[in-house]
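*Asks:* Before we start, here is the structure in question, set down as structure tokens.
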DNA sequence: AGTATTTCCGAGTATATGCTCAGGTTACAC
DNA sequence: GTGTAACCTGAGCATATACTCGGAAATACT
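Chains as they are written, first to last, in our numbering: chain A, 1 to 211; chain B, 1 to 211.
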């Protein structure tokens, strides 16, 4: 019988590394985890494989993690941190007061490129990792993305007569997420993504302004 | 090492049942597969578990399927058939010439209710089964949904001055899929789906008519 | 009824993966 | 240098799952 539900302790770290070499070991394990997920999928991920790819012994793996799921959780945490850093960097040098549509297109492009960069890893995480939605890092990311969008709205509300209906914000996030997911993970490469992103930004902007 | 890629033969049937009792056995296995996926997830699915829940012996399982993935493939095939049947039934008694928005809302509601009915099973299939997108039944469903939408458009094109941009059809399918997926599989139960579906239908109709 | 065919059974084997533990190695403080 | 703590090692045991195979039981055919 396989596992049914997951406890918080499954995703915790066993011991925090102190010395430099042990930090390197932990980092190597996380990177090995990412490589294995990309190349062999979640079914191909095992603690033994992680140890082998990371170049450490199996004993060291269990020194710092209670199991493979904790390593995956750590990997997701690092990826979320990358997204957060990118988002904050972009926010700093964007003035959406000038042109709402351009700002929207700008962020769609940035998120799209980041997703493309981790294409295969993202595919495995989304479509194969059973507990992805229950990971603290994942839930935190969703909250922060909403906050960024809300903040952007408040920022521009002075300039535009924003009259979005109550459900518009929800429709926007799910539509954008659904389109980006399909574009990055499902759609054939034949389709030209830039044009689609143009059209998406345009329609989202229209929803905001016209309600 | 886990499995990396899947061959077509992994999803094929080994032997077609002839007698009535063997048909019942195969059916029991597929239903057992669905129940285990709902209750224990993909990680909890094993051939031994399927045999036990179905009330047949492990030998019988391998008499008709090369492995558990073939049973999952068969299950997906049956579910796609259910969607197809529902869709055709609705299409027969809908006259979208009268009111495009009502027709849109009608179909959104129908698809939403069908997804809700198989909520947990759908969640496991989408977020845990690694090869779902490569299943013939899945690919076929995507094609047919596009065809239904296109047919509906042709049907109503005479009445309305449809001027959808080239990318609108793509944005529509991904937006609708993304919103329904989130609504059914992720959104908290507190959320009122009917109002969201109203808003979604309205916006999709507007995209069609106004481009 | 007798025979052939289909269907079913389940103990048993092979293999993969999780995880431990006793002991070796490296880094650091004094 | 010496002692202590941190870090690392990997053979090996426990467990779970995939899958086989010889034969029994049910069904169909004539």
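Where a beta carbon is used, it is the ideal one built from N, C-alpha and C, also for glycine.
Assign residue 4 of chain A to one of three DSSP states: helix, strand, or coil.
*Replies:* Three-state result, residue 4 of chain A: coil.
*Asks:* Does DSSP put residue 133 of chain A in a helix, in a strand, or in coil?
*Replies:* Looking at residue 133 of chain A - three-state DSSP - the assignment turns out to be helix.
*Asks:* For residue 128 of chain A, does the three-state DSSP call read helix, strand or coil?
*Replies:* If DSSP states are grouped into helix, strand and coil, residue 128 of chain A belongs with the helices.
*Asks:* From residue 118 of chain A to residue 99 of chain B, what does the alpha carbon distance come to, in whole angstroms?
*Replies:* Rounded to the nearest angstrom, the two C-alpha atoms are 44 Å apart.
*Asks:* So which residues of chain A does residue 186 of chain B contact, with C-beta pairs closer than 8 Å?
*Replies:* In chain order: 133.
*Asks:* Can you check whether the CB of residue 70 of chain B is closer than 8 Å to the CB of residue 11 of chain B?
*Replies:* In this structure, residue 70 of chain B lies closer than 8 Å to residue 11 of chain B by Cβ.
*Asks:* Using only the alpha-carbon positions, how far apart do residue 8 of chain B and residue 122 of chain B sit?
*Replies:* If I take the Cα positions, the gap works out to 22 Å.
*Asks:* Going along chain A, which residues have a C-beta under 8 Å from residue 89 of chain B?
*Replies:* Those within 8 Å of residue 89 of chain B in chain A number zero; the least Cβ separation is about 26 Å.
*Asks:* Hey, is residue 175 of chain A's beta-carbon within less than 8 Å of any beta-carbon in chain B?
*Replies:* So, interface residue.
*Asks:* Using a C-beta to C-beta distance shorter than 8 Å, which residues of chain B count as neighbours of residue 41 of chain A?
*Replies:* Within 8 Å Cβ-Cβ: 2, 3, 4 and 130.
*Asks:* Does any residue of chain A bring its CB to less than 8 Å from the CB of residue 115 of chain B?
*Replies:* It does not: the Cβ of residue 115 of chain B has no partner Cβ on chain A nearer than 8 Å.
*Asks:* Given 8 Å as the limit, is there contact between the segment 176-185 of chain B and the segment 169-189 of chain A, that is, 3 or more CB pairs closer than that?
*Replies:* A contact exists between the segment 176-185 of chain B and the segment 169-189 of chain A.
*Asks:* Spatial neighbours of residue 94 of chain B within its chain, please: C-beta separation below 7 Å, excluding the five flanking residues on both sides.
*Replies:* Only 103 and 106 meet the Cβ criterion.
*Asks:* What is the DSSP secondary structure of residue 13 of chain A, counted as helix, strand or coil?
*Replies:* Of the three classes helix, strand and coil, the one that applies to residue 13 of chain A here is coil, per DSSP.
*Asks:* With residue 64 of chain A and residue 197 of chain A assumed to form a contact (beta carbons below 8 Å), what rounded beta-carbon distance in angstroms separates them?
*Replies:* Actually they are not in contact, since the Cβ atoms of residue 64 of chain A and residue 197 of chain A sit about 40 Å apart, beyond 8 Å.
*Asks:* Do the CB positions of residue 49 of chain A and residue 29 of chain A come within less than 8 Å of each other?
*Replies:* Going by C-beta atoms, residue 49 of chain A is not nearer than 8 Å to residue 29 of chain A.
*Asks:* Does residue 34 of chain B have its Cβ less than 8 Å from a Cβ in chain A?
*Replies:* Not one chain A Cβ lies under 8 Å of residue 34 of chain B.
*Asks:* Considering only the alpha carbon of each residue, which of A:183, A:37 and A:167 lies closest to residue 5 of chain B?
*Replies:* If we check each option's Cα against that of residue 5 of chain B, A:37 comes out closest.
*Asks:* Rounded to whole angstroms, what's the CA-CA distance from residue 19 of chain A to residue 45 of chain A? Just pull it up for me.
*Replies:* Approximately 27 Å between the Cα atoms of the pair.
*Asks:* From residue 56 of chain B to residue 47 of chain B, what does the alpha carbon distance come to, in whole angstroms?
*Replies:* Computed Cα separation, rounded: 11 Å.
*Asks:* Reducing DSSP to helix, strand and coil, say where residue 70 of chain A ends up.
*Replies:* Of the three classes helix, strand and coil, the one that applies to residue 70 of chain A here is helix, per DSSP.
*Asks:* Can you tell me whether residue 196 of chain B sits near the ligand MG, meaning its C-beta is under 7 Å from at least one heavy atom of the ligand?
*Replies:* This structure simply doesn't include the ligand MG, nor any ligand for that matter.
*Asks:* Taking its Cβ as the centre, do 16 or more other Cβ atoms sit within 10 Å of residue 41 of chain A, making it buried, or is it exposed?
*Replies:* Flag for residue 41 of chain A reads buried.
*Asks:* Is the CB-CB distance between residue 73 of chain B and residue 60 of chain B below 8 Å?
*Replies:* Their beta carbons are not under 8 Å apart, which means residue 73 of chain B does not touch residue 60 of chain B by this criterion.
*Asks:* Below 7 Å on C-beta distance, what does residue 165 of chain A contact in chain B?
*Replies:* Residues of chain B passing the Cβ test: 199.
*Asks:* With 9 Å as the C-beta to C-beta threshold (strictly closer), list the residues of the segment 16-29 of chain B near chain A in chain order.
*Replies:* So the list is empty, because no residue satisfies the distance condition.
*Asks:* Can you tell which of B:170, B:204 and B:90 has its C-alpha closest to the C-alpha of residue 188 of chain A?
*Replies:* Comparing Cα positions, the closest option is B:170.
*Asks:* Exposed or buried, which one is residue 81 of chain B when buried takes at least 16 other CB atoms within 10 Å?
*Replies:* So residue 81 of chain B counts as exposed.
*Asks:* Once you ignore the five residues that flank residue 212 of chain A on each side, which residues in its own chain have a CB closer than 6 Å to its CB?
*Replies:* An answer regarding residue 212 of chain A cannot be provided, because it is not within the stretch 1 to 211 covered by chain A.
*Asks:* Determine the chain B residues that contact residue 104 of chain A at a beta-carbon separation under 7 Å, and present them in chain order.
*Replies:* Those do not exist, as residue 104 of chain A stays about 14 Å from chain B at its closest Cβ, beyond 7 Å.
*Asks:* Can you tell which of B:87, B:167, B:199 and B:190 has the C-alpha that lies nearest to the C-alpha of residue 168 of chain A?
*Replies:* Comparing Cα-Cα distances from residue 168 of chain A to each of B:87, B:167, B:199 and B:190, the minimum goes to B:199.
*Asks:* Buried or exposed, going by whether 16 or more other CB atoms sit within 10 Å of the CB of residue 204 of chain B?
*Replies:* Looking at its Cβ environment, which holds 16 or more other Cβ atoms inside 10 Å, residue 204 of chain B is buried.
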